[in-house]
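Below you'll find the structure, written out as structure tokens, and then a few comments.
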Amino acid sequence: VTNTEEGLRDMTQLVATYPQGFKFWLGPTLPVINVCHPDIIRPVLNASAIIVRKDDIFFSFIKPWLGEGLLLSAGDKWSRHRRMLTPAFHFNILKPYVKIFNDTVSIMHAKWQRLASEGSACLDMFEHISLMTLDSLQKCVFSFDSHCQEKPSEYITAIVELSALIQKRGENILLYMDFLYYLTRDGQRFREACRLVHDFTDAVIQERRRTLPSQGLDDFLKAKAKTKTLDFIDVLLLSKDEDGKQLSDEDIRAEADNFMFAGHDSTASGLSWVLYNLARQPEYQERCRQEVQELLRDREPKEIEWDDLAQLPFLTMCIKESLRLHPPAPMISRRCTDIVLPDGRVIPKGVICLINILGTHHNPAVWPDPEVYDPSRFDPENVKEMSPLAFIPFSAGPRNCIGQTFAMTEMKVVLVLTLLRFRVLPDDTEPRRKVDMIMRAEGGLWLQVERLEA
Numbered sequence: 001v002t003n004t005e006e007g008l009r010d011m012t013q014l015v016a017t018y019p020q021g022f023k024f025w026l027g028p029t030l031p032v033i034n035v036c037h038p039d040i041i042r043p044v045l046n047a048s049a050i051i052v053r054k055d056d057i058f059f060s061f062i063k064p065w066l067g068e069g070l071l072l073s074a075g076d077k078w079s080r081h082r083r084m085l086t087p088a089f090h091f092n093i094l095k096p097y098v099k100i101f102n103d104t105v106s107i108m109h110a111k112w113q114r115l116a117s118e119g120s121a122c123l124d125m126f127e128h129i130s131l132m133t134l135d136s137l138q139k140c141v142f143s144f145d146s147h148c149q150e151k152p153s154e155y156i157t158a159i160v161e162l163s164a165l166i167q168k169r170g171e172n173i174l175l176y177m178d179f180l181y182y183l184t185r186d187g188q189r190f191r192e193a194c195r196l197v198h199d200f201t202d203a204v205i206q207e208r209r210r211t212l213p214s215q216g217l218d219d220f221l222k223a224k225a226k227t228k229t230l231d232f233i234d235v236l237l238l239s240k241d242e243d244g245k246q247l248s249d250e251d252i253r254a255e256a257d258n259f260m261f262a263g264h265d266s267t268a269s270g271l272s273w274v275l276y277n278l279a280r281q282p283e284y285q286e287r288c289r290q291e292v293q294e295l296l297r298d299r300e301p302k303e304i305e306w307d308d309l310a311q312l313p314f315l316t317m318c319i320k321e322s323l324r325l326h327p328p329a330p331m332i333s334r335r336c337t338d339i340v341l342p343d344g345r346v347i348p349k350g351v352i353c354l355i356n357i358l359g360t361h362h363n364p365a366v367w368p369d370p371e372v373y374d375p376s377r378f379d380p381e382n383v384k385e386m387s388p389l390a391f392i393p394f395s396a397g398p399r400n401c402i403g404q405t406f407a408m409t410e411m412k413v414v415l416v417l418t419l420l421r422f423r424v425l426p427d428d429t430e431p432r433r434k435v436d437m438i439m440r441a442e443g444g445l446w447l448q449v450e451r452l453e454a
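Numbering (full-length UniProt numbering), first residue to last: 1 to 454.
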């Protein structure tokens, strides 16, 4: 099964034939168990992070960039970091980010307004939205504005290049060996981009470290209270474990780099596919727009606030149904370091388990008519009947996505303002899905955007 549109269709057929899962081989000696049903997924995802670790083969390429952050660490280190990072995603920290999201999407929309000055324009959603999510993240993580949506940014360019190089390396099995890879031009570019990104993060941490002792903790927090924003670096610098120990600068850098990596492409993928699905279903798009217009009808300027997020039931259903059909992370892998017993059967120690999120979301044994876009699946009454592991766009269990509330918040803000200002229409060419680290479309995901009169 390949990562192309045809390969994804073949995989869907395999899931329909083997609705619990199936085994395949990577080379002659490496078995992989592909699981795609909630009953089989449950014991794998709910196992302790010490018993079922993230698979190291698929993540080794990223380690020089991301280090021992949440994405790649395991055991006691992972548990300690997870506990220390959880406060960074408390709603009191996330609330002020809504203003940042409003501002960054408005910068993107100003570009769209110019490009659609004749009334409409055909745009690659991935290109525009990825840049916008990187802009938001840089402001939320570092309190730094590089104006990257309006002019080139060396740091942002390096992150985009690192993601592309990792994907490219994964497509050539000869380059899996480090000593060969770093002899190539791509390997040298990867090292240089890592250095640039690390230098930027280190400089922010050192500057913040210098600020803390000169101000003192109380003065620092008072100054932050005036701006109403604690960024990700602030939270990491102030975080302490049960023994009163803080994170090292190396750990802080790793977690900041992890968040920049994990938070930009995945959210951009989710948003791009939501807009695609709403473009193909104009009746749902119009219903979302009416919900938004009703919510913001007397408000000027038309900006969304934290308390609005819970007042968008139909838009939320549309987002979730799109994440079901087009999950940003179609698969995640785990390597069993102890025996797991799904349904009485044994997954032997050392075997890679591929949790097939896309397969689960398209499994006819789990979802009736799985290829149909139907937001009513996520009506609260219908959700009551659903297995909690039937819908896992952010994974589940102890190693679920720590940033899922951040991602859903950003997605709602972007969609609200986009639907207020533009109508999205499908392009003439149907996109062909392609899976690398996230769900993309070959050659970009192109949609027509049409300006709406204020």
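Using N, Cα and C, we set each Cβ at its ideal position, and we do this for glycine too. Remember, it's a predicted structure, so these values are computed and weren't measured experimentally.
- The distance from the Cβ of Pro375 to that of Met317 is about 4 Å, consistent with a contact at the 8 Å cut-off.
- Per DSSP, the continuous beta strand (DSSP E) segment holding Met331 begins and ends at 331 to 336.
- By the Cβ test, the segment 427 to 444 is not in contact with the segment 139 to 149, since fewer than three Cβ pairs between them sit closer than 8 Å.
- With a contact defined as Cβ atoms closer than 8 Å, Arg421 and His109 qualify at about 6 Å.
- Under the three-state reduction of DSSP, Asp124 is assigned to strand.
- DSSP places Gly21 in the uninterrupted beta strand (DSSP E) bounded by 21 to 26.
- Take the alpha-carbon of Met132 and the one of Ala268: they are about 8 Å apart.
- In this structure, Glu450 sits away from Val413, with a CB-CB distance that is not shorter than 9 Å.
- In this structure the segment 184 to 197 touches the segment 153 to 173; the number of beta carbon pairs closer than 8 Å is three or more.
- Per DSSP, Arg299 lies in no beta strand (DSSP E) and is assigned neither H nor E.
- Segment contact: the segment 383 to 400 against the segment 353 to 363, three or more CB-CB distances shorter than 8 Å; contact assigned.
- Per DSSP, Asn258 is not a residue of any beta strand (DSSP E); the alpha helix (DSSP H) it occupies stretches across 249 to 280.
- Here Ile33 is bridged, per DSSP, to Lys23, Cys353.
- Contact check for Val35 against Leu323 fails: the beta carbons are separated by 9 Å or more.
- Across the set Glu283, Val160, Thr29, the C-alpha of Val160 shows the shortest separation from the C-alpha of Glu127.
- In the structure shown, Met386 falls within a coil segment according to DSSP collapsed to helix, strand and coil.
- Comparing alpha-carbon positions, the option among Asp10, Gly75, Ile319 lying closest to Leu278 turns out to be Ile319.
- Given a length threshold of 4 residues, each whole run of the alpha helix (DSSP H) inside the segment 47 to 102 is given here in chain order: 63 to 66, 75 to 85, 91 to 94.
- In the structure shown, the three-state DSSP call for Glu294 is helix.
- For Glu150, no alpha helix (DSSP H) run applies, since DSSP gives it neither H nor E.
- Setting aside the 5 residues that flank it on each side, Arg185 has no residue in the same chain whose C-beta is closer than 6 Å to its C-beta.
- In the structure shown, Glu442 adopts coil according to DSSP, grouped into three states.
- For Leu137, the closest C-alpha among the options Glu255, Gln113, Tyr176, Ala310 is that of Glu255.
- The beta carbon of Leu196 is closer than 6 Å to those of Ala158 in its chain, skipping five residues each way along the sequence.
- The C-beta distance from Ser239 to Met84 rounds to 4 Å, short enough to meet the 8 Å contact threshold.
- In this structure, the straight-line span from the alpha carbon of Asp231 to that of Ala88 is close to 8 Å.
- Residues Ile304, Glu305, Trp306, Thr409, Val413 of the same chain have their beta carbon placed closer than 7 Å to that of Val98, with the five preceding and five following residues left out of the count.
- Distance from the CA atom of Gly443 to the CA atom of Leu123, rounded to whole angstroms, is 12 Å.
- Here the alpha carbons of Leu295 and Thr2 stand approximately 44 Å from one another.
- Shortest Cα-Cα distance from Gln13 to any of Ser106, Glu371, Phe91 involves Glu371.
- Each residue's CA atom was taken as its position, placing Val274 and Lys245 some 42 Å apart.
- Setting aside the 5 residues that flank it on each side, Phe22 is surrounded in the same chain by Leu14, Asn34, each with a C-beta closer than 7 Å to its C-beta; the list follows chain order.
- With 16 or more other Cβ atoms inside 10 Å of its own Cβ, Tyr284 counts as buried.
- Taking a C-beta distance under 9 Å as the contact criterion, His81 and Ala365 do not qualify as a contact pair.
- Straight-line spacing of the CA atoms in Ser117 and Thr429 works out to 23 Å.
- Of the residues Ser60, Arg210, Met411, Leu72, the one whose Cα lies closest to the Cα of Val105 is Met411.
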